[in-house]
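K.L.:
Let me give you the structure first, and then I'll get to my questions.
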Amino acid sequence: MSPLSFIAVLLCLASTFGLLNRMLLRLPGTIGLTVVALIASLVVIALGALFPALNLRLALQDILGVRELPETLLNGVLCFLLFAGTLQVDVSALWSRKITVFLLATAGVVIATVLFGVGIYFAFALTGVQMPLSWALVLGAILAPTDPVAVGSILSRVGLSKHLQAVMAGESLFNDGVAVVLFQATLAYAVGKHPTFGSIGLDFLREMGGGLIVGAATGWIGYLAMKRIDDYPLEITMSLALASGSYVLASSLGASGPIAVVLAGLLIGSRGRREAMSEKTCRNLALFWSVVDEILNSLLFLLIGFEMLGLARLERSTLVVMALAIPLSLLVRAASIVGTALWLHARNPNRWPAIAVLTWGGLRGAISVALALSIGSSEWKSGLLAICYAVVVFSIVVQGLTLERVVRLSRFKDQVR
């Protein structure tokens, strides 16, 4: 299928499913698309079981390019989604919570990786299956980061204080780079390469430090260029070039593309808007990127729903661990928050409600699925993917739909100090 045909199919499905959701389910847009796509996947699987000669499952996988999600996301639309997300962040609120965000995005990811990996190892042991701890840690690294796309899609409607919004958004934007390094390290260990702590540390410094340097440089160049003109179509084009160029340049240098895009976007979204853009440009830039964000989110969540088609027939042990992994992911999320950021807010009376919201709002999304799909051939891949998918779908659908209620029940105003 040609790229144009692929895009046309996705847009038609997103429009049709979005209309069905609006008319029948009335769920928030991205969550509704995921649910409708899940239902459609189940229908296709059922029809495939009744009429195996039709090969409906494989045919739809090929049409939708489900197997290409890692490439599509990690080397495609992610840069634009991240850039759009940074433009919605209150940078002053984010800066005031910089230590909390840094700890959650670094130490929090490491703690979550270890705890979830160990938990999954024992969960499989309960079913009589001896999964190597190294592969369990791979899954821990896959599910450790919160997803900026999933988190960003719900923050605007749940009524959080600006400071807690900044913490949740900032953590999800910055923790991807750490998670990718941990994923690569644990995967290398699982396949027998045994990286040293020194090499992992160097990879981390290269990814994070390089991403920050590239993002600061490209963001500053973009800021200076926009300051010289007042032409909003050109400035919008420059913002597209900045998002994609920062990502590609950082990746080609072995640095973190997501970190580079996030830093460049934060610079343009704060100082760029304040000093380099007219009011008309700011308004049109915000409108353009909100539309881009909505369309790409719709397509991405649609693909997440259809990922069910790629799951192989599951063993009973895997189904049991899938059920155990959901509460485990919430417990690990809470433990990683308490273990990294609680001491900073020991005297804050709202710390426990804040932890509850941060725990329930730590959504996993397409990045976790893409990392799981990127694992090469392994006997454990199908099980890891199924468990990852269960946690992702639960977080998007159940946590995403109920986060507003959790915020309302917590009854606090300014949760993180």
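Under UniProt numbering, the sequence shown has 96 at position 96, and the numbering climbs by one with no breaks.
Using N, Cα and C, we set each Cβ at its ideal position, and we do this for glycine too.
No experiment lies behind these values; they were computed from the predicted model shown.
If you count every other CB in all the chains shown that lies within 10 Å of the CB of V392, and 16 or more means buried, which is it?
P.N.:
buried
K.L.:
Could you compute how far the alpha carbon of G400 sits from the alpha carbon of Q165?
P.N.:
15 Å
K.L.:
How about A216 and A250: do their beta carbons lie closer than 9 Å?
P.N.:
no
K.L.:
Just how far apart, CA to CA, sit A341 and A53?
P.N.:
55 Å
K.L.:
Taking its Cβ as the centre, do 16 or more other Cβ atoms sit within 10 Å of R405, making it buried, or is it exposed?
P.N.:
The residue is exposed, with fewer than 16 neighbouring Cβ atoms inside 10 Å.
K.L.:
What residues in its chain sit with their C-beta under 6 Å from that of L409, if we drop five residues either side in the sequence?
P.N.:
none
K.L.:
Enumerate in chain order the residues of its own chain whose CB-to-CB distance from D176 is below 8 Å, with the five nearest sequence positions on each side excluded.
P.N.:
P145, P148, S256, P258, I259 and I367
K.L.:
Can you give me the Cβ contacts of F17 inside the same chain, cut-off strictly under 6 Å, excluding the 5 residues immediately before and after it?
P.N.:
Same-chain partners within the cutoff: L33 and V36.
K.L.:
Between T127 and S317, which are expected to be in contact by the criterion C-beta below 8 Å, what is the C-beta distance as a whole number of angstroms?
P.N.:
About 4 Å separates the two Cβ atoms, so the contact holds.
K.L.:
Do the segment 168-184 and the segment 314-331 make contact, defined as three or more Cβ pairs closer than 8 Å?
P.N.:
Too few Cβ pairs lie closer than 8 Å, so no.
K.L.:
With DSSP collapsed to three states, give me the class of F204.
P.N.:
Collapsing the DSSP output to three states places F204 in a helix.
K.L.:
Write down every uninterrupted run of the alpha helix (DSSP H) in the segment 259-347 whose length is 4 residues or greater and which is fully enclosed by it, in chain order.
P.N.:
279-306 and 316-341
K.L.:
Rounded to whole angstroms, what is the Cα-Cα separation between M208 and K98?
P.N.:
16 Å
K.L.:
To the nearest whole angstrom, what separates the beta carbons of Y223 and I268, a pair I think is in contact under 8 Å?
P.N.:
The distance from the Cβ of Y223 to that of I268 is about 6 Å, consistent with a contact at the 8 Å cut-off.
K.L.:
Determine the direct distance from the alpha carbon of L253 to that of S244, and round the result to whole angstroms.
P.N.:
14 Å
K.L.:
Would you call the segment 99-112 and the segment 341-359 in contact, with 3 or more CB pairs under 8 Å?
P.N.:
yes
K.L.:
Could you tell me whether the Cβ atoms of V191 and G376 are closer together than 9 Å?
P.N.:
yes
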